[in-house]
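Report on the following structure.
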Amino acid sequence: MRRVLTLSTAAAAVAAVAVLCVALTAGVAAAPDAGAVPPASGSGPGAGAAPSASADECDPGDGTELVGCWNGTHYEESVGFAETDGLNETQLEALTDLTMARVEHVRQRPFREDVPVETVTRSEYANDTASGNGSEAFRRWNDQVWEALFVVGDETDANDEIDSVFGGAVSGFYSPSQDRIVIVVPDGESPDIDPSTLAHELLHAMQDQYHDLTDPRYVGATQDGDLAVDGIIEGEAVHVEERYAARCADNWTCAEAPESDGGGGDGADFNFGILQTVLQPYGDGALYVRELRDEGGWAAVNATMNDPPASTAEVIHRNPDYEEGNVTFEDAATGGWETYPDQGVEGAETTGEASMFVMFWYQSLEYRHAVLEPDATVRQNVEIHLDAEAQLETRATYNYAHPVTDGWAGDELYPYRNGDRDGYVWATEWQTEDDAAAFRDAYVRMLTAHGDGEYAQGTVYEIGSESDFPGAYGVGRDGTSVTITHAPSPEGVLELRPDADLALPDADGSDGDTNGGDDGDTNGGDDGSDGNTDDGTDGNTDDGADGSDGADGSDSGNGSDDTDDSTPGFGVAAALVALAAVGLFARRSA
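Have a look at this one:
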């Protein structure tokens, strides 16, 4: 069964920006022509696109050939009601017809058929979608994937964490298997909808009508592949949605967005690591589509839809020719360890560049460990994610590129089981030896931040039971390859990789070389420390940031209000406010 990540989010990029950013604003001013539709001639953005009909040409019986006209409603008209809170059936139909006409105008392509818009209550939605990937083997396999990413701890069920992100906050989705849009409404209330959200979901319906989103090419075989495919699918929808919103702000009369119920309740179980992983296609994908359209018009977007991106690296760097390497892995495990041949791709998951970036970034947000840049403060490490080089026209976006991970060339993560014991071997490949060393050094910084002692070269490292990620870890680099092995005990690490050049730690922890060089490789790589520049206890560079104050940035660990020593605006209350303001949306049903 496909992973829960196929339940993707959409306009939540706006919501989460409000949560993640204190110093930055939630959006940027729209360009004067942000929603303008260029002429359909020449080689520019309008090349190969159809011009919109005039109001005089728009009649109810004109069929589906005209652009900007649906069921007799012209894109320049407006609905006869000011709000979308508590729509009756007639109003919902009117809003849908107008939004379809406007999406046609912005996208310069006609719909081929009507798109039904239906509603379900939140409780019905939660009952229908929770734990959709529920086989015992998948859940155990998937737990190891998210634990390997240091996003979901050893005692926490990753599938429940994913459900908590989506189940209570999804406000709607498009189902290509049923050719319909479903709006999730509060129990006992009439349907309400944000017009720009409806535009986003209708764009998915248009994609389905032209490209058939049920085609296997639109479901990645791995986590990275799925996020990569979403880069073009969600990227186009966000690009159209923001142009739509810009027109509403400029010269269209648009209904006001309703107040959302938020759906998330007032609980604190909300995993930003999962959220920020699945949000990656919505920002980077929209930038990718904007660049495709600027250079080759809608024809270039259509071509990329027909041949979707293969990796998040391709979308992050907006490079359709991004080259991957060959990941070399041979199962040599002894002592009864077994992979999951029926899960993933022959037992393996590919996490990809986006997930790896979030892994390191999340340590600063959740655990207050400076991992990406150890010479910077925890707050500065968190803000790396907010420092995007390019922005969308109507909103801020996130950064997923960093030297520690942008040399990614491939990875295969193999979860293992042995009775009630779990482990994994993660084989990664990098563009250059320097890229491999940068990743390896950051990973060691992450280990030592969670552990109690320094890292000893060539020796299995242990993290105590007080951590969310206890157990033993072996890290080795050979040229452009970095391999990570995890088991509950050091002996288990050597059972999983008996050929690894790794020694068991001494009982007193004094074994091995503490120079921080690469395990078993030829060129070292780190500075002789465990990645810390203070007292070596928590991976942070700032005084007092020992994790005792949590991840909400409410104080700085030393009893002061020093904002240089706190994380920016990540409290649970702020998260729920943002979700209530915009909500999370899903393109596909489970």
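Start counting the sequence shown at 6; every next residue gets the next number (my numbering).
From the three backbone atoms N, C-alpha and C, an ideal C-beta is built for every residue, glycine too.
{"Check": "Rounded Cβ spacing between D217 and V224 (contact assumed at less than 8 Å)", "Outcome": "Actually they do not touch by this definition, with Cβ atoms about 12 Å apart."}
{"Check": "Environment of S83 [buried if 16+ CB atoms lie within 10 Å]", "Outcome": "exposed"}
{"Check": "For H216, three-class secondary structure by DSSP", "Outcome": "helix"}
{"Check": "Proximity to D133 [Cα-Cα], best of W413, A242 and D168", "Outcome": "D168"}
{"Check": "Identified DSSP bridge partners for T339", "Outcome": "In DSSP, T339 forms no bridge with anything."}
{"Check": "Nearest residue (CA-CA) to A233, options H322, Q96 and V190", "Outcome": "H322"}
{"Check": "Cβ neighbour criterion (16 or more within 10 Å) applied to V122", "Outcome": "buried"}
{"Check": "DSSP state of L509 mapped onto helix, strand, coil", "Outcome": "coil"}
{"Check": "Nearest-angstrom Cα separation, counted from E296 out to G236", "Outcome": "13 Å"}
{"Check": "Boundaries of the alpha helix (DSSP H) in which L452 is found, first to last residue", "Outcome": "E438 to H455"}
{"Check": "Per-residue burial, S182 [other beta carbons within 10 Å of its own, 16 or more giving buried]", "Outcome": "exposed"}
{"Check": "As assigned by DSSP and simplified to three states, the class of R114", "Outcome": "coil"}
{"Check": "Which residues DSSP lists as bridging H79, in chain order", "Outcome": "C74"}
{"Check": "Rounded distance between the beta-carbons of G456 and Y466, thought under 8 Å", "Outcome": "6 Å"}
{"Check": "Through-space distance from E417 to Q212, alpha-carbon basis", "Outcome": "31 Å"}
{"Check": "Contact under 9 Å by Cβ, R112 with L208", "Outcome": "yes"}
{"Check": "Contiguous beta strand (DSSP E) assignments of at least 3 residues, all confined to the region 461-512", "Outcome": "466-468, 476-483 and 486-492"}
{"Check": "Among E98, Q96 and E109, nearest to V72 - alpha-carbon criterion", "Outcome": "E109"}
{"Check": "N276 - containing beta strand (DSSP E), residue span", "Outcome": "Careful: N276 lies outside any beta strand (DSSP E) and carries neither H nor E."}
{"Check": "Integer Cβ distance of Q228 from E354, believed to fall under 8 Å", "Outcome": "6 Å"}
{"Check": "contact_flag[the region 145-155, the region 421-433] where n(CB pairs < 8 Å) is 3 or more", "Outcome": "yes"}
{"Check": "Cut-off 8 Å between Cβ atoms - residues of its own chain near A34, not counting five sequence neighbours on either side", "Outcome": "Confidence at A34 is low in this model, with a pLDDT of 31, below 50, so its placement is unreliable and the value that follows should be read with caution. Contacts found: none."}
{"Check": "Cβ neighbour criterion (16 or more within 10 Å) applied to G340", "Outcome": "exposed"}
{"Check": "Expected contact under 8 Å - CB spacing of L203 and T104 to nearest Å", "Outcome": "5 Å"}
{"Check": "Buried/exposed call for P346, threshold 16 Cβ in 10 Å", "Outcome": "exposed"}
{"Check": "Rounded C-alpha distance that separates D165 from W146", "Outcome": "14 Å"}
{"Check": "Delimiting residues of the beta strand (DSSP E) encompassing W435", "Outcome": "R426 to W435"}
{"Check": "Option nearest V294 by Cα separation, candidates E319, G463 and D392", "Outcome": "E319"}
{"Check": "CB of F444 within 9 Å of CB of L370, strictly", "Outcome": "no"}
{"Check": "Any 3 or more C-beta pairs closer than 8 Å across the region 404-424 and the region 360-367", "Outcome": "yes"}
{"Check": "Of the listed residues A54, R107, A87 and T402, nearest to N76 (C-alpha basis)", "Outcome": "R107"}
{"Check": "C-alpha distance - A461 paired with A508, whole-angstrom precision", "Outcome": "10 Å"}
{"Check": "Bridge-paired residues (DSSP) for A353", "Outcome": "V350"}
{"Check": "Nearest candidate by alpha-carbon position, reference T402, set E206, Y215, A58 and L284", "Outcome": "L284"}
{"Check": "Buried/exposed call for S128, threshold 16 Cβ in 10 Å", "Outcome": "exposed"}
{"Check": "Supposed close pair L397, I389 - CB separation, criterion 8 Å", "Outcome": "Actually they are not in contact, since the Cβ atoms of L397 and I389 sit about 19 Å apart, beyond 8 Å."}
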